[in-house]
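Participant: Structure incoming, see below.
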Amino acid sequence: MPLPTLLFHLLCLCLPAWGLGLLLALSTRVIWKGYACRLALLANWAALGLSGSLVLLLGLPLTGQDGSMLTYALLVVVLASVQWLLLRPLPVK
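At position 88 of the sequence shown (counting the first as 1) the number is 88 in the numbering used here, and the numbers step up by one without a gap.
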């Protein structure tokens, strides 16, 4: 497989993680106004994207196929857990 094709396949494999990470990072700032994220928006997106990509890359050999519902369910759980760990309550004034 040529290198551009391999890179395109890796991009398509990890794209759901980065898309969901961006959606989660943006929606957290809108919905949960009583909490502050420990990271800036781009760093938050990078942390979510990298952890989600790791889940998808590990799910590929474990399930034997790309796009397994088990892998996507685990992706949602891991990204929600990482985002929860990055949140902290704002101090009461």
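Quick reminder that beta carbons are idealized off the backbone N, C-alpha and C, glycines included.
Fair warning: this is a prediction, and the values are worked out from it, not measured in the lab.
Report back the beta-carbon spacing between L50 and A25 to the nearest angstrom; my notes put them in contact at under 8 Å.
Facilitator: As a working mapping, residue 50 is identified with position 50 in the sequence shown. As a working mapping, residue 25 is identified with position 25 in the sequence shown. Going by Cβ atoms, the distance from L50 to A25 rounds to 12 Å, so no, they are not a contact pair.
Participant: Just to confirm before moving on: does the CB-CB distance between L79 and G52 stay below 8 Å?
Facilitator: Sequence index remark: in the sequence shown, residue 79 carries index 79 (1-based). Sequence index remark: in the sequence shown, residue 52 carries index 52 (1-based). Yes, Cβ-Cβ distance for L79 and G52 is below 8 Å.
Participant: Leaving out five residues on either side along the sequence, give the residues of the same chain with a beta carbon under 8 Å from the beta carbon of L70.
Facilitator: Locating residue 70 in the sequence shown gives position 70, counting from the first residue. For L70, where only same-chain residues beyond five positions count, the Cβ hits under 8 Å are G59, T63.
Participant: Measure the CB-CB distance between L87 and L39 and report whether it falls below 8 Å.
Facilitator: For the purposes of this step, residue 87 is taken as the residue at position 87 of the sequence shown. For the purposes of this step, residue 39 is taken as the residue at position 39 of the sequence shown. It is not a contact, given that the beta carbons lie outside the stated cut-off.
Participant: With DSSP as the reference, label L39 as helix, strand or coil.
Facilitator: The residue labelled residue 39 in the question sits at position 39 within the sequence shown. In this structure, L39 counts as coil in the three-state DSSP scheme.
Participant: Tell me the rounded alpha-carbon separation between C14 and L57.
Facilitator: Here residue 14 refers to the residue found at position 14 when the sequence shown is read from its first residue. Here residue 57 refers to the residue found at position 57 when the sequence shown is read from its first residue. The straight-line gap from Cα to Cα measures roughly 8 Å.
Participant: Mapping DSSP to helix, strand and coil, what is L85?
Facilitator: Residue mapping note: residue 85 aligns to position 85 of the sequence shown, counting from 1. It is helical.
Participant: Please determine, among K33, L6, L3, H9, the residue with the shortest C-alpha to C-alpha distance to P89.
Facilitator: By 1-based counting over the sequence shown, the position of residue 89 is 89. Selected option, being the one with the closest Cα: K33.
Participant: If you check the beta carbons only, do T28 and Q83 fall under 8 Å apart?
Facilitator: Translated into positions along the sequence shown, residue 28 becomes position 28. Translated into positions along the sequence shown, residue 83 becomes position 83. In this structure, Q83 lies closer than 8 Å to T28 by Cβ.
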